[in-house]
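A.B. asks: Residue numbers (full-length UniProt numbering): 1 to 228.
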């Protein structure tokens, strides 16, 4: 993500270095000030940040889908292989020498987004796995993620001149509704009892997901055995 202070110092002079209410509330200066620029094509997956977040829209509109930390047990968060997209007409950069085309992931991507068949997904075995959430709360695959049916997300549309306080560890999906420019301020969170509670719920969710996968695998094995 572009850090205003380091990558765009000229633009950093155009915005306040901090939000007074945030500094007073959290008792510290921002750890980072970020700029976000995009249009309707820019959509994030559901994720969380270990920061207290003051999000300010400068121009345009942004749509947030929010879930509290307690929802972690229904989000099927787990480790996935690191990957990146590559356009069919793009020259192959040197850093992609160790990447391979993930045929299964690319096929699924094309099935869901047929208008983007010119893109392929490259996996990166050397970089290890990355924590990721496959659930889209606005388009839940109930067959693959039945626990996600219980989710009750909060939806917020933020317009120019408005500020959203996004507490640390809250899950959020962000989408631009039009060409939009935003600036947000990250403040360090307190790793107190709330963090301990979050880890507790996270571990319960991971155990539930693992149990569900074991049951599904057992059912598939039984069905295959019956066919034979």
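Backbone N, C-alpha and C fix where the C-beta goes; we use that ideal spot for every residue, glycine too. In this text, all values refer to a predicted model and were calculated from it rather than measured experimentally.
I think residue 68 touches residue 170, with their Cβ atoms under 8 Å apart; what is that distance to the nearest whole Å?
C.D. replies: Taking the chain shown and counting its residues from 1, the one referred to as residue 68 is at position 68. Taking the chain shown and counting its residues from 1, the one referred to as residue 170 is at position 170. Right, their Cβ atoms sit about 6 Å apart.
A.B. asks: Consult DSSP for residue 191 and reduce its assignment to one of helix, strand or coil.
C.D. replies: In the chain shown, counting from the first residue as 1, residue 191 sits at position 191. Note: residue 191 maps to coil in three-state DSSP.
A.B. asks: Throw me the rounded Cβ distance for the residue 137 and residue 45 pair, which I believe falls under 8 Å.
C.D. replies: For the purposes of this step, residue 137 is taken as the residue at position 137 of the chain shown. For the purposes of this step, residue 45 is taken as the residue at position 45 of the chain shown. 10 Å between Cβ atoms; not a contact.
A.B. asks: When the Cβ atoms of the stretch 34 to 51 are set against those of the stretch 207 to 217, are three or more pairs found closer than 8 Å?
C.D. replies: no
A.B. asks: With a CB to CB cut of under 7 Å and the five nearest residues on each side skipped, what residues in its chain are close to residue 150?
C.D. replies: Against the chain shown, residue 150 aligns to sequence position 150. Around residue 150: 74.
A.B. asks: First and last residue of the alpha helix (DSSP H) that includes residue 110?
C.D. replies: Position 110 of the chain shown, counting from 1, holds the residue named residue 110. Residue range 103 to 112 is occupied by the alpha helix (DSSP H) that includes residue 110.
A.B. asks: Bridge partners for residue 63 per DSSP, in chain order?
C.D. replies: Within the chain shown, the letter at position 63 stands for residue 63. Answer is 157 and 175, bridged to residue 63.
A.B. asks: Which residue wins for smallest C-alpha separation from residue 215, given the options 56, 146, 19 and 201?
C.D. replies: Taking the first residue of the chain shown as position 1, residue 215 is located at position 215. Residue 146 is the option with its Cα nearest to residue 215.
A.B. asks: Quick one: which unbroken beta strand (DSSP E) runs of 3-plus residues sit fully inside the stretch 35 to 63? Chain order, please.
C.D. replies: Whole beta strand (DSSP E) segments, 3+ residues: 51 to 59.
A.B. asks: Just the Cα atoms here: how many angstroms apart are residue 89 and residue 103?
C.D. replies: Position 89 of the chain shown, counted from the start, is the residue given in the question as residue 89. Position 103 of the chain shown, counted from the start, is the residue given in the question as residue 103. Distance between the alpha carbons of residue 89 and residue 103 is about 18 Å.
A.B. asks: Might you give, ordered along the chain, the residues of its own chain that have their beta carbon closer than 6 Å to the beta carbon of residue 120, omitting 5 neighbours on each side?
C.D. replies: Working through the chain shown from its first residue, we reach residue 120 at position 120. Contacts found: 86, 101 and 106.
A.B. asks: Looking at the unbroken alpha helix (DSSP H) that takes in residue 122, where does it start and where does it end?
C.D. replies: Within the chain shown, the letter at position 122 stands for residue 122. Boundaries for residue 122: no alpha helix (DSSP H) harbours it, while the beta strand (DSSP E) harbouring it runs 119 to 123, taken from the DSSP string.
A.B. asks: Find the nearest neighbour of residue 167 within the set 37, 26, 53 and 35, judged by alpha-carbon distance.
C.D. replies: For the purposes of this step, residue 167 is identified with residue 167 of the chain shown, where counting begins at 1. The candidate whose alpha carbon is nearest that of residue 167 is 53.
A.B. asks: Measuring CA to CA, which of 181, 189 and 218 is closest to residue 14?
C.D. replies: Numbered from its first residue, the chain shown carries residue 14 at position 14. The shortest Cα separation from residue 14 among 181, 189 and 218 belongs to 181.
A.B. asks: So, under 8 Å CB-CB, residue 22 and residue 185 are touching, yes? Tell me the CB distance rounded to an integer number of Å.
C.D. replies: Taking the chain shown and counting its residues from 1, one reaches residue 22 at position 22. Taking the chain shown and counting its residues from 1, one reaches residue 185 at position 185. Contact holds; Cβ gap of about 6 Å.
A.B. asks: Tell me which residues share the same chain as residue 72 and place their Cβ nearer than 6 Å to its Cβ, disregarding the 5 neighbours each side in the sequence.
C.D. replies: Numbered from 1 along the chain shown, position 72 holds the residue referred to as residue 72. Here the set comprises 201, 202 and 205.
A.B. asks: Based on the DSSP output, what are the partners of residue 30 in its beta bridges?
C.D. replies: Against the chain shown, residue 30 aligns to sequence position 30. None, per the DSSP bridge assignment.
A.B. asks: Assign residue 191 to buried or exposed, taking buried as 16 or more other Cβ atoms, counted over all protein chains shown, within 10 Å of its Cβ.
C.D. replies: On the chain shown, position 191 is the one that residue 191 refers to. Residue 191 is exposed by the Cβ-count criterion.
A.B. asks: Quick one: is residue 123 buried, meaning 16 or more other Cβ sit within 10 Å of its Cβ, or exposed?
C.D. replies: If you number the chain shown from 1, residue 123 lands on position 123. Looking at its Cβ environment, which holds 16 or more other Cβ atoms inside 10 Å, residue 123 is buried.
A.B. asks: Measure the alpha-carbon distance for residue 61 versus residue 172 and round it to whole angstroms.
C.D. replies: The residue given as residue 61 occupies position 61 in the chain shown. The residue given as residue 172 occupies position 172 in the chain shown. Answer to the nearest angstrom: the Cα atoms are 16 Å apart.
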